[in-house]
Amino acid sequence: MEEYKKTLKLAAYLLEYPSEAWWQDFDAYRAAAAEIETKQAREILEELFDYAQELGSKAYEEQYVRSFEFSPNTNLYLTTQDRTDFGKQASEMHVYKQLFLKNGFDTQNELPDYLPALLELAAALPEEKAAEVFRTMKDKLKLLRDRFIEAKLAYAFLLDVVLMQAERWEGDAA
17 MEEYKKTLKL AAYLLEYPSE AWWQDFDAYR AAAAEIETKQ AREILEELFD
67 YAQELGSKAY EEQYVRSFEF SPNTNLYLTT QDRTDFGKQA SEMHVYKQLF
117 LKNGFDTQNE LPDYLPALLE LAAALPEEKA AEVFRTMKDK LKLLRDRFIE
167 AKLAYAFLLD VVLMQAERWE GDAA
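Below, the structure is given as structure tokens:
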């Protein structure tokens, strides 16, 4: 599997709700993080896995819920980052939905602006199409990263890893 695909799948996993199934897959995903060749990305991923393990399932779940489900500024639904224009939000939601459909996928259990779902989509695509997904969400990712920093969430480092990949694609396109 290509490096960007592994990295994006790991990022998506770390941003998903830590259910019982999530914890059952934890060791396999953690082992996959150790295989990432890019040193900075590997270290950040491994540190986030360490963080989750050190907190334990109950505390990690509580922290996850506080960070993403109870905070309108740091939730993982990208169209809610600008809640002042609901027409714009609906239009952006449509764009995300079309990204899935155009690439032969659909979101069954999540809204199409859910960041882990978008990362999974990008991980399933060839680089050129994955880069297109990132061009669509890059500004929202940067805003979310800034909000993670303001909220002192370790996930800001995870978004750094994701944004590093987007910057690589931009550099390749230049």
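Following our numbering, the numbering of the sequence shown begins with 17 at its first residue and continues without gaps. Glycine included, each C-beta is placed from N, C-alpha and C at the ideal position. On a predicted model such as this, the values are computed, not experimentally measured, just so you know.
message = Give me the DSSP bridge partner(s) of Y130.
response = For the purposes of this step, residue 130 is taken as residue 114 along the sequence shown, with counting starting at 1. Y93.
query = Beta-carbon separation of P128 and K113 under 8 Å?
reply = Here residue 128 refers to the residue found at position 112 of the sequence shown. Here residue 113 refers to the residue found at position 97 of the sequence shown. Result yes, Cβ atoms of P128 and K113 sit closer than 8 Å.
ask   = Skipping 5 residues on each side, what residues in its chain have a beta carbon closer than 7 Å to that of Q97?
value = Within the sequence shown, numbered from 1, the residue matching residue 97 stands at position 81. Here the set comprises K156, L159, L160.
ask   = Would you report the Cα separation of F121 and A167, rounded to the nearest angstrom?
value = Mapped onto the sequence shown, residue 121 falls at position 105. Mapped onto the sequence shown, residue 167 falls at position 151. Each residue's alpha carbon lies about 33 Å from the other.
ask   = Which term fits A47, buried or exposed, when burial requires 16 or more other beta carbons within 10 angstroms of its beta carbon?
value = For the purposes of this step, residue 47 is identified with residue 31 of the sequence shown, where counting begins at 1. With fewer than 16 Cβ atoms within 10 Å of its Cβ, A47 is classed as exposed.
query = Which residues in the same chain as Y80 place their Cβ atom closer than 6 Å to its Cβ, once the five residues preceding and following it in sequence are excluded?
reply = As a first step, residue 80 is located in the sequence shown; it is residue number 64 there, counting from the start. Correct list, in chain order: P34.
key: C-alpha distance - L179 paired with T123, whole-angstrom precision   = On the sequence shown, position 163 is the one that residue 179 refers to. On the sequence shown, position 107 is the one that residue 123 refers to. Taking the straight line joining both Cα atoms gives about 23 Å.
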